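Step one of this worksheet: look at the structure below.
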Amino acid sequence: MIDYVVKLTKDATKVSPLDHDRLREAGFDDRAILQITLIAAWFNYINRVADSLGVGRD
C-alpha cells in the first residue's frame, strides 16, 4: 500500500491497473483501493493548498 501511495503522490499518471492488481493480491478489495486513493489524494491536495498559502510557515 505504501508503494502505491508514494507512486500516486509522485505522479498519479503513472498509476496503472497493475498497481490495483498488486493491492488486490495484498488483500485489498476495490472499496479499500478507492478509500486508499481518496485519502492519499486528499492529503496531497490539502498539503499543496497549505503550502501555496504559506500555512504553517514561520
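Taking our numbering, the leading residue of the sequence shown gets 1, the next gets one more, and so forth. The beta carbon of each residue, even a glycine, is placed where N, CA and C say it ideally should be. This one's a predicted model, so the numbers in the text were calculated from it and none came from an experiment.
Residues near residue i in its chain [Cβ-Cβ closer than 7 Å; skip 5 each side]
{"i": "HIS20", "result": "ILE33"}
{"i": "THR37", "result": "LEU8"}
Nearest-angstrom Cα separation, counted from residue j out to residue i
{"i": "ARG24", "j": "ASP3", "result": "14 Å"}
{"i": "MET1", "j": "ALA50", "result": "25 Å"}
{"i": "VAL55", "j": "ASN47", "result": "9 Å"}
{"i": "LYS10", "j": "PRO17", "result": "17 Å"}
{"i": "LYS14", "j": "ARG57", "result": "31 Å"}
Continuous alpha helix (DSSP H) stretch holding residue i: start and end
{"i": "VAL6", "result": "2-10"}
{"i": "VAL49", "result": "30-53"}
{"i": "ARG24", "result": "17-25"}
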